[in-house]
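Below is the structure:
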């Protein structure tokens with residue numbers, strides 16, 4: 011009788027172990043995909059929430075500290091499309107500028123040093139605003155190469171995180187703190203095309219002056235600094251034609267409006 015009870019108990023334990031192991035194995039196979047999809051949404055939502063908090067002058071230091079638990083590989087696995095990457099990194103860039111300069115406006119006195127500061131920290135790398143803009147969003151273009159020269163010394167992590175196709179519209183989305191910068195909009199991967207087009211069109215209309223008599227188009231100095239990103243003069247005019255700011259028949263000379271570097275925070279789009 012006792013042997014039978016021991017045998018039954020042993021069988022019960024064995025079955026329980028097998029069932030538990032099978033459940034764990036199945037969950038183990040299933041979870042990574044579900045988790046990865048969830049993180050995709052979570053990261054882009056996190057970046058947009060970062061801008062929302064900064065816009066309301068709420069502290070975002072704890073949100074930024076969260077990133078230190080994740081590696082560049084974690085981020086790369088989560089941000090798989092260019093739409094996700096653009097939304098995430100543009101939001102991060104704009105929030106970091108506003109947060110850092112709101113805390114210490116003196117940083118803006120030396121702009122070159124400020125844009126080189128390691129403001130975004132992951133488990134395995136620290137990224138500056140220059141890293142985000144020129145390395146990730148401009149796909150390893152040299153900062154002072156006018157958009158014609160790729161950085162031959164880009165790191166493997168930069169190559170892991172950067173976008174696949176360069177998109178010149180990011181220049182109308184990034185706000186570096188200057189008065190002449192485009193206003194800040196919150197970007198979402200599922201609406202990134204609409205949002206980038208809207209900010210681009212509104213910025214170009216505001217910053218452009220067309221002298222019909224002399225056939226001169228006065229426009230933002232961004233086009234001078236990143237001329238190659240836009241495809242030189244032909245690409246710049248094509249952009250104006252695309253947004254119906256300039257008639258297709260017009261082929262004006264370009265003049266660049268002096269950039270106003272006055273520190274001007276909290277330039278947000280009011281939708």
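Residue numbers (the numbering used here): 11 to 281.
Think of the CB as a built atom: it goes at the ideal place given N, C-alpha and C, for glycine as much as any other residue.
- [ ] For residue 213, I'd like the list of residues in its chain whose CB is within less than 7 Å of its CB, leaving aside the five on either flank, ordered along the chain.
- [x] Start at 1 with the first residue of the chain shown, and residue 213 comes out as number 203. Closer than 7 Å at the Cβ level, and outside the excluded window around residue 213, lie 182, 192.
Open item on the list: As a quick exercise: from 187, 257, 99, 94, pick the residue whose alpha carbon is nearest that of residue 125.
Closed with: Within the chain shown, the letter at position 115 stands for residue 125. Answer by Cα proximity: 187.
Task: Delimiting residues of the beta strand (DSSP E) encompassing residue 8 - done: Limits of the chain in this structure are 11 at one end and 281 at the other, which puts residue 8 out of reach.
Task: 6 Å CB neighbourhood of residue 262 in its chain, flanking five on each side removed - done: For the purposes of this step, residue 262 is taken as the residue at position 252 of the chain shown. These residues qualify, in order along the chain: 225, 226, 227.
- [ ] May I ask you to verify whether the segment 246-256 touches the segment 195-215, counting CB pairs closer than 8 Å and requiring at least 3?
- [x] yes
Task: Cβ contact check for the segment 156-164 and the segment 231-240: 3 or more pairs under 8 Å - done: yes
Task: Buried or exposed (CB count within 10 angstroms, at least 16 for buried), residue 163 - done: Taking the chain shown and counting its residues from 1, one reaches residue 163 at position 153. Flag for residue 163 reads exposed.
Task: residue 285, enclosing alpha helix (DSSP H) - first and last residue - done: Since the first and last residues shown for the chain are 11 and 281, residue 285 lies out of range.
Task: Simplified DSSP state of residue 88, which is helix, strand or coil - done: Within the chain shown, numbered from 1, the residue matching residue 88 stands at position 78. Helix at residue 88.
Open item on the list: Quick test of the definition: if touching needs 3 or more C-beta pairs under 8 Å, does the segment 73-83 touch the segment 113-124?
Closed with: no
Task: 4 or more residues per run - each alpha helix (DSSP H) lying fully within the segment 99-128 - done: 121-124
TODO: Excluding the 5 residues preceding and the 5 following residue 70 in the sequence, name in chain order all residues of the same chain whose CB lies nearer than 8 Å to its CB.
DONE: Taking the chain shown and counting its residues from 1, one reaches residue 70 at position 60. Hits under 8 Å: 60, 63, 64, 105, 109.
Task: Nearest to residue 131 (by Cα), restricted to the options 184, 229, 85, 231 - done: Numbered from 1 along the chain shown, position 121 holds the residue referred to as residue 131. It is 85 whose Cα lies nearest to the Cα of residue 131.
Task: When 279, 90, 67 are compared against residue 195, the one with the closest alpha-carbon - done: For the purposes of this step, residue 195 is taken as residue 185 along the chain shown, with counting starting at 1. Per the Cα distances, 279.
TODO: Kindly indicate the opening and closing residues of the beta strand (DSSP E) around residue 267.
DONE: Taking the chain shown and counting its residues from 1, one reaches residue 267 at position 257. Start and end: 263-267.
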